[in-house]
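To keep things clear, I will list the structure first and then write my remarks on it.
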Amino acid sequence: MKRTNTSKKKSRKKRVTAAAAAVETAAAATTEEPAAKAAAKAEPKAEAKAAAEPEVKAAAKAEPKAEVKAAAKAEPKAEVKAAAKAEPKAEAKAAAEPEVKAAAKAEPAKTEAKPAVKEAAKEVEAKAAAEKPAVKETVEAEEKKPAAKEPAPKKAAKKASKTSAAKKATEAVAKTAAAAKKAAAEAAKKAAEAAAKAARTAVDEEFYYRMEKKNDELRWLYMELYGNDSMYAELCDNLHRFYMERNKDLKAMDIEREKNPEWYKSNDMLGMMLYIDNFAGNIKGVESKLDYLEKANVNYLHLMPFLDTVPGKSDGGYAVKDFRKVREDLGTMEDLEHLTAACHKKNMNVCMDFVMNHTSEDHEWARRARAGEGEYMSRYFFFDNPQIPQQFEQTVPQVFPRNAPGNFTWLPDIGHYVMTTFYPYQWDLNYRNPRVFNEMMYNFLFLANKGIDVIRIDAVPYIWKELGTPCRNLRRVHTIVRMMRIIGEIVCPSVLLLGEVVMEPEKVVPYFGTVEKPECHMLYNVTTMATTWHTVATRDVSLLKRQLDIVAGLPKEYVFLNYLRCHDDIGWGLDYDFLKARGQEEVPHKKFLNDYFQGYTENSTSRGELYEYDPNTQDARFCATTASMCGIEKAGFEQDNTAMEKAIKLDVMLHAYMFTQSGIPVIYSGDEVAQVNDYTYKNDPNKAHDSRYIHRGAMRWDLAEHVDDANTVEGKLFQSLSELEKIRKTEKVFMTNADMWTVETYDPSILCIGRYYDGEKMFGLFNFSEYDKTAWINETDGMYKNMLTGEVRKAAGVDIPGYGFCWLKKL
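So this is what it looks like as structure tokens:
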């Protein structure tokens with residue numbers, strides 16, 4: 002059903018008009034009080050004089066009644082007039098703007114209603130002023146009459162009578178004023194309540210429109226999975242609650258991004274991932290470094306896990322103790338909200354990790370489960386004998402065979418096994434229980450309402466478990482992710498979902514869903530990252546070319562995050578069927594790659610360490626920073642300037658290649674200043690067992706101080722990357738959804754990527770060897786300009802120096 006449906010527009014128009022009218026009524030009512038006070042103040046003087054004679058008494062008695070009547074008669078007319086006059090204006094404005102702004106758009110009506118009420122008050126005062134001379138004349142005439150002689154007692158009684166009458170008249174006026182004041186206050190209160198209710202109705206309209214549009218599919222998926230009406234009703238109630246709790250700035254952003262759903266595919270998007278404590282100590286520290294991030298051209302900030310964990314049992318922040326609390330040493334939720342608001346002012350987006358697969362054993366649910374509470378035990382996988390765990394072990398691979406073998410942990414204190422796919426202190430959640438799904442969605446929306454723009458779903462392939470399967474990439478996982486996408490589109494449509502799927506290409510792509518029923522907005526380009534380093538080691542671009550062609554053949558709606566390094570290890574999950582056809586077997590090739598990047602082969606300049614080495618299979622993953630893998634660490638240690646220049650060239654070339662890929666580039670904090678491996682982790686007993694901390698060192702701010710000095714390593718790299726990003730931001734051919742393809746160069750070490758967008762065309766050429774080469778491309782469609790040097794030439798027979806590159810744009 003289209004949103005322009007006439008009946009819906011009329012309904013919405015009425016609600017918004019009601020909101021505007023109610024706000025006007027509130028404004029009018031609040032102005033009654035000053036008028037009543039003015040009347041009360043003016044009357045006692047006239048009453049005191051009128052008390053002298055019966056005629057004067059009558060005039061004085063008639064006057065407040067006339068005034069109150071006049072006020073009662075004039076003010077409603079003025080109010081109705083003002084409302085009638087203001088309503089079309091407010092209604093027209095409200096109809097022209099999003100419903101969420103309806104209450105704000107009623108403000109002009111307030112100011113239009115106020116003059117009308119003031120005019121009514123002036124009329125009352127004018128009438129009182131007009132009657133005042135007549136009263137005065139009567140009093141003066143009475144005073145001029147000769148006074149009759151009266152007996153003293155009679156005179157005293159008459160005087161007392163006059164005093165009593167004056168007192169009564171004064172009391173009557175005071176009562177009238179009090180009644181008017183009370184009536185005005187009650188009217189103002191009712192009007193304010195009506196205005197608030199009408200404004201809420203107008204704001205709710207956006208929620209109900211989205212809910213109506215998405216409800217059928219969401220309900221169908223939910224009932225297929227859980228078949229529980231009451232739990233679904235509870236979910237819907239809470240979706241509305243979180244929508245109402247979402248602040249006006251975020252709601253405005255939701256509407257803007259709904260109008261431009263491809264906002265994140267812009268060519269100026271550049272990300273950086275960082276650990277808060279390593280980067281700046283705490284959340285407030287990160288906020289203080291926003292100018293530095295802006296200088297580095299970063300507008301997408303991925304904050305690594307920062308929610309509450311237990312020291313020594315955190316798995317780098319992925320064992321969450323409380324999803325609604327920031328780790329104490331990093332700050333508070335208020336600090337987080339302040340940071341996201343500050344980022345939004347600088348047009349920066351904030352990403353955070355959301356760990357859906359498991360909780361810490363210290364999470365409230367886990368503690369209550371361990372205490373024997375059945376409701377909470379059902380949120381995990383508990384077994385009182387080893388039979389079923391053993392059946393799972395037959396088909397479920399191990400994630401950490403050396404440091405945390407197996408997929409279950411025995412809890413002797415309660416006599417049960419609990420499923421722990423990762424570490425023993427990380428208990429897998431049971432998404433067969435609708436309570437788990439609902440509560441985790443509430444956590445998701447709570448965090449989204451703190452101003453988070455991108456939710457990274459950690460370990461997404463693992464979240465559904467079935468006996469007799471590998472418990473990876475099961476069909477129900479996609480049902481859950483699809484429901485999460487729909488829920489986000491109802492409550493917080495500006496928030497994106499980023500899936501972490503560290504697997505082979507054919508297992509990664511399904512997490513995009515389909516164009517009609519999308520799941521994740523973005524996925525990590527894990528395989529291309531690993532293939533890039535394979536290309537560095539082999540100097541052979543054939544596998545990388547094949548991988549890029551696969552990505553280029555996907556729908557443009559599918560967006561990858563491209564990166565060279567991140568917080569995690571590198572797993573060599575390459576296309577071994579392709580390599581085997583070229584004589585490279587999986588096991589020996591993995592060993593070669595690990596040896597090369599540790600610096601054990603003759604032509605290697607890399608440094609790093611293995612992670613999770615398995616002596617039986619000789620399989621392992623690899624850990625290091627980009628700079629160390631490019632040779633900057635080795636050259637610096639050996640003080641070899643020639644080797645350093647070569648290492649910097651390789652580093653810059655790899656970033657230029659990453660910027661040319663299809664998707665959004667993301668830099669790992671420290672890479673922009675050539676930060677090398679940090680071996681101090683070995684001195685910390687909580688980290689020494691995990692070699693991933695070699696690339697999780699503290700930010701070297703001493704290096705960042707030299708980014709403007711082109712004579713330093715960090716200055717050369719930072720300025721080179723800044724120049725590349727400046728070109729990328731100003732050339733629309735780098736848009737994320739541009740056409741992309743590879744071109745044959747007839748040299749195994751040179752990769753050529755073509756891009757086309759909106760009439761603009763360019764080629765990127767990258768030399769993955771240390772030797773000077775020629776790219777034998779032959780484009781005959783005109784002249785091209787080197788985007789870095791300005792040289793104009795043909796795109797044919799292009800010479801590329803060792804570890805060099807060029808960007809050629811068609812003129």
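Note that this note's numbering has the sequence shown beginning at 2, numbered continuously upward. Glycine residues also receive a C-beta, built at the ideal position from the N, C-alpha and C atoms.
- With a minimum length of 3 residues, the unbroken runs of beta strand (DSSP E) contained wholly in the stretch 350 to 384 fall at 350 to 356, 359 to 361.
- A distance below 7 Å between beta-carbons, with the five flanking residues on each side excluded, links residue 411 to the following residues of its chain, in chain order: 418.
- Across the set 407, 513, 318, the C-alpha of 318 shows the shortest separation from the C-alpha of residue 279.
- Comparing alpha-carbon positions, the option among 516, 733, 378, 493 lying closest to residue 248 turns out to be 493.
- In this structure, DSSP gives residue 646 a helical state, which the three-state scheme calls helix.
- Around the beta carbon of residue 586, fewer than 16 other beta carbons lie within 10 angstroms, which makes this residue exposed.
- Contact annotation, residue 371 with residue 415: C-beta distance approximately 6 Å; criterion of less than 8 Å satisfied.
- Burial is judged here by how many other beta carbons sit within 10 angstroms of a residue's own beta carbon; residue 696 has at least 16 and is buried.
- With respect to residue 358, residue 300 sits apart: the two C-beta atoms are not nearer than 8 Å.
- The residues 608, 628, 677, 678, in chain order, have a CB closer than 7 Å to that of residue 634 in the same chain once the five nearest residues on each side in sequence are set aside.
- Residue 428 is bridged by DSSP to 360.
- Going by beta carbons, residue 776 and residue 751 fall inside the 8 Å limit.
- Looking at the DSSP output, residue 623 shares a beta bridge with 571, 611.
- Distance from the CA of residue 582 to the CA of residue 613, rounded to the nearest whole angstrom, comes to 28 Å.
- Residue 688 sits in coil when the DSSP states are folded into three classes, being neither helix nor strand.
- Just so you know, the alpha carbons of residue 631 and residue 753 end up roughly 21 Å apart.
- Shortest Cα-Cα distance from residue 485 to any of 616, 669, 218 involves 218.
- With contact defined as three or more Cβ pairs closer than 8 Å, the stretch 566 to 579 and the stretch 772 to 792 are not in contact.
- Straight through space, the alpha carbons of residue 514 and residue 206 are spaced by roughly 29 Å.
- Residue 642 sits exposed, since fewer than 16 C-beta atoms from the chains shown fall within 10 Å of its C-beta.
- Here the stretch 551 to 570 lies against the stretch 529 to 542, with 3 or more beta-carbon pairs under 8 Å apart.
- Where residue 746 is concerned, there is no enclosing beta strand (DSSP E), because DSSP gives it neither an H nor an E.
- Cβ-Cβ separation between residue 501 and residue 459: approximately 5 Å, consistent with a contact (criterion under 8 Å).
- Counted as a single uninterrupted DSSP element, the alpha helix (DSSP H) harbouring residue 598 occupies residues 587 to 599.
- Between residue 271 and residue 298, the gap from beta carbon to beta carbon is short of 8 Å.
- Between residue 718 and residue 649, the C-beta gap is smaller than 8 Å, which places the two residues in contact.
- Along the stretch 527 to 558, the alpha helix (DSSP H) occurs as fully enclosed runs of 4 or more residues at 527 to 539, 543 to 553, listed in sequence order.
- The beta carbon of residue 379 lies closer than 6 Å to those of 434 in the same chain, with the five residues before and after it left out.
- The C-beta distance from residue 361 to residue 426 rounds to 6 Å, short enough to fall under 8 Å.
- Taking the C-beta atoms as reference points, residue 675 is found nearer than 8 Å to residue 714.
- Straight-line spacing of the CA atoms in residue 257 and residue 639 works out to 54 Å.
- Measuring C-alpha to C-alpha distances from residue 266 to each of 296, 733, 626 identifies 733 as the nearest.
- DSSP, read as helix, strand or coil, puts residue 792 in coil.
- Secondary structure at residue 441: helix, using DSSP grouped into helix, strand and coil.
- Within the model, the alpha-carbon separation for residue 796 versus residue 682 is close to 49 Å.
- With respect to residue 353, residue 670 sits apart: the two C-beta atoms are not nearer than 8 Å.
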